[in-house]
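Taken in order, the sequence shown gives residues 0 to 415; the numbers are from numbering that gives the first Met the number 0. For glycine and all other residues, C-beta sits at the position ideal for the given N, C-alpha and C. Contents: one structure, followed by commentary.
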Amino acid sequence: MKFPYSWFVGLRYTRAKRKNHFISFIALASMLGIALGVMVLITVMSVMNGFERELRERILGTVPHVIVGERAEGLKDWESVAERVEQNEEIVASAPYIDSTAMFKSSFGGTEYGILQGVLPEREGKVSVIEQYMVSGSLQDLVPGDYGIIIGTSLARNLGLWKGDKLTVLVVEGSTVSPAGISPRYRRFTIQGLFETKSELDSRIAMIHMSDAAKLLRKGDTVSALRIKVENVLEANLTSNALRGQLGLDYWVSDWNRTQGPLFRAIQMEKNMMFILLTLIIAVAAFNIVSTMVMVVTDKQADIAIMRTLGASPATVMKIFMVQGSVNGVFGTLLGVIAGIALATNLPDIVTWFEQQLGISMVPGDVYFIGFLPSELQTSDVTNITIAALLMSVLATLYPAWRASRTKPAEALKYE
Numbered sequence: 000m001k002f003p004y005s006w007f008v009g010l011r012y013t014r015a016k017r018k019n020h021f022i023s024f025i026a027l028a029s030m031l032g033i034a035l036g037v038m039v040l041i042t043v044m045s046v047m048n049g050f051e052r053e054l055r056e057r058i059l060g061t062v063p064h065v066i067v068g069e070r071a072e073g074l075k076d077w078e079s080v081a082e083r084v085e086q087n088e089e090i091v092a093s094a095p096y097i098d099s100t101a102m103f104k105s106s107f108g109g110t111e112y113g114i115l116q117g118v119l120p121e122r123e124g125k126v127s128v129i130e131q132y133m134v135s136g137s138l139q140d141l142v143p144g145d146y147g148i149i150i151g152t153s154l155a156r157n158l159g160l161w162k163g164d165k166l167t168v169l170v171v172e173g174s175t176v177s178p179a180g181i182s183p184r185y186r187r188f189t190i191q192g193l194f195e196t197k198s199e200l201d202s203r204i205a206m207i208h209m210s211d212a213a214k215l216l217r218k219g220d221t222v223s224a225l226r227i228k229v230e231n232v233l234e235a236n237l238t239s240n241a242l243r244g245q246l247g248l249d250y251w252v253s254d255w256n257r258t259q260g261p262l263f264r265a266i267q268m269e270k271n272m273m274f275i276l277l278t279l280i281i282a283v284a285a286f287n288i289v290s291t292m293v294m295v296v297t298d299k300q301a302d303i304a305i306m307r308t309l310g311a312s313p314a315t316v317m318k319i320f321m322v323q324g325s326v327n328g329v330f331g332t333l334l335g336v337i338a339g340i341a342l343a344t345n346l347p348d349i350v351t352w353f354e355q356q357l358g359i360s361m362v363p364g365d366v367y368f369i370g371f372l373p374s375e376l377q378t379s380d381v382t383n384i385t386i387a388a389l390l391m392s393v394l395a396t397l398y399p400a401w402r403a404s405r406t407k408p409a410e411a412l413k414y415e
């Protein structure tokens, strides 16, 4: 295959020494600017992907994918409803639960508010990944009548409690009403286990056996709703629509898109906005290529005139300077991709090291839902960023190359 001489000359120009060292400096600055922009963009996109992944695994692993309840107060015959919904091929498992807002008090005087959930341990493990995040104890430690409770590590830390300690739970639901006022129901529980998802759930959720919850809240055989795990969490809305048609109007069906959907849509919107904003860094660096190539064209007027005199067409001259200008963009992009992949891959370890050295938490769990900086490198992001950077680099060479192709040999050689 014959190598076009326009490419050969353009590549030679990139290695040639220039009379004006300022041009070399601007060329280097533009290349490093593109590299920096690509590196930052890859890193930020990886962090956004990591946050989305962790939130999906931790939050959607512990909150219901789909919830089925009865329009009348509570769900009475949950066994038959569970049998009906599990006929759907998209449903993995189901589990009943009872929930209520509650106040948690320790013997040391600490007070916290959260959600009390009554669960069946043998079924809960099939619809929730909470067992994977247990740091002490197990769901199976919740035995009817023992009044054991499992809480998050953040809630335990706030109350100054640990496994084996006593925790008083107060609830308004099922309270006694008298002329003196409302007397909330309360019960002392023994902490049987602790879980840590490194999300806000650690400070909000407490779990007890469903029979204990029924007694405390005076629910009898009624449960709050049925928690359902689906095969494809991203298609939970389709499954919930199918269940609405299957169960009829006596039941209501909801899915995670109604409760957690806005959070994930906000993350996706932020990711798109960050991509657009950080792409401007690459665009600014690409403008440096324009200024560099304009100065190069001015510096190479005599060379251009000689090539035109020897028979080079305007299109050939334009290709020569497009090649020369694009080289900076290509090298800058490759350098940025390599640095970005390396940084995104090792970013969690780097942030952890800085936190240990400085003694601070850069990613507070109560603010960002998770207590560490996640990173997930996706090939599609790297590909899109690379294409965008290369495209802007090539486009930045068009105007200077066009100016070079318009050079008139007689005028350029007049003072040579």
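Check	Outcome
Anyone know if the C-beta pair for Thr351 and Phe371 falls short of 9 Å?	yes
Between Leu225 and Ile66, how many whole angstroms is the CB-CB distance? I'm expecting something under 8 Å.	7 Å
Of the choices Leu27, Phe188, Met44, whose alpha-carbon is the least far from that of Leu342?	Met44
Can a CB atom of chain B be found closer than 9 Å to the CB of Ala301?	Of the chains in the structure shown, none is chain B; there is only one protein chain.
Could you work out which residue in Ser23, Val46, Ala28, Ile33 is closest to Leu346 when comparing CA atoms only?	Val46
How long is the line joining the alpha carbons of Val39 and Gly339, rounded to whole angstroms?	7 Å
Between Phe353, Glu51, Gly36, which lies nearest to Leu376 when the distance is taken from Cα to Cα?	Glu51
Determine the direct distance from the alpha carbon of Gly124 to that of Asp380, and round the result to whole angstroms.	35 Å
DSSP three-state call for Lys407: helix, strand or coil?	coil
Tell me, please, whether the stretch 194-209 touches the stretch 101-118 by the rule of three or more beta-carbon pairs shorter than 8 Å.	yes
Can you say whether Ser404 is buried or exposed, counting buried as having 16 or more other CB atoms within 10 angstroms of its CB?	buried
Between Val362 and Ser105, what straight-line distance do the alpha-carbon atoms span, to the nearest angstrom?	28 Å
Kindly list the residues whose CB is nearer than 6 Å to the CB of Lys228, restricted to its own chain and excluding five residues on each side of it in sequence; keep chain order.	His64, Val91, Ala92, Val126
With distances taken between CB atoms, is the gap from Val493 to Gln267 smaller than 9 Å?	Past the edges of the chain, shown from 0 to 415, lies residue 493, and the structure says nothing about it.
Give me the Cα-Cα distance between Thr308 and Val293, rounded to the nearest whole angstrom.	21 Å
Assess, as a yes-or-no matter, whether the stretch 96-104 is touched by the stretch 152-168 under the definition of 3 or more beta carbon pairs within less than 8 Å.	yes
Can we count Leu31 as close to the ligand ATP, meaning its CB is less than 8 Å from some heavy atom?	Summarising the ligand content, the structure contains no ligands, and the ligand ATP is consequently not present.
Do you know whose CA, among Gly108, Phe107, Ile148, lies nearest Pro120's CA?	Ile148
Whose C-alpha, out of Met391, Asp298, Val171, Glu69, is nearest the C-alpha of Phe286?	Met391
Would you check if there are 3 or more beta carbon pairs closer than 8 Å linking the stretch 315-323 to the stretch 273-285?	no
Give the straight-line distance between the Cα atoms of Pro373 and Gly358, rounded to the nearest whole angstrom.	19 Å
Taking just the CA atoms, how far does Lys270 sit from Val289?	29 Å
If you count every other CB in all the chains shown that lies within 10 Å of the CB of Met0, and 16 or more means buried, which is it?	With a pLDDT of only 46 at Met0, under 50, the local geometry of the prediction cannot be trusted, and the value read off the model is given with reservation. Met0 is exposed by the Cβ-count criterion.
Could you pull out every unbroken alpha helix (DSSP H) segment of at least 4 residues lying fully inside the stretch 16-61, listed in chain order?	20-58
Roughly how many angstroms lie between the CA atoms of Ile58 and Leu233, to the nearest whole one?	13 Å
Can you tell which of His208, Gln355, Glu199, Ser239 has its C-alpha closest to the C-alpha of Glu53?	Glu199
Do you know whose CA, among Lys197, Leu242, Arg187, lies nearest Asp211's CA?	Arg187
Shortest alpha-carbon distance to Ile150 belongs to which of Ala265, Met133, Arg402, Asn87?	Met133
Is it buried or exposed, Glu82, if we count other Cβ atoms within 10 angstroms and call 16 or more buried?	exposed
Quick one: which unbroken beta strand (DSSP E) runs of 3-plus residues sit fully inside the stretch 107-188? Chain order, please.	110-118, 133-135, 147-151, 165-177
Which residue marks the beginning of the beta strand (DSSP E) containing Val67, and which one marks its end?	65-69
Measuring straight from C-alpha to C-alpha, what distance separates Asp348 and Glu195?	20 Å
In this structure, how does DSSP classify Asp98 when only helix, strand and coil are distinguished?	strand
Could you pull the DSSP bridge partners for Asp254 from this structure?	Val65
For Gln245, which of helix, strand or coil comes out of DSSP?	helix
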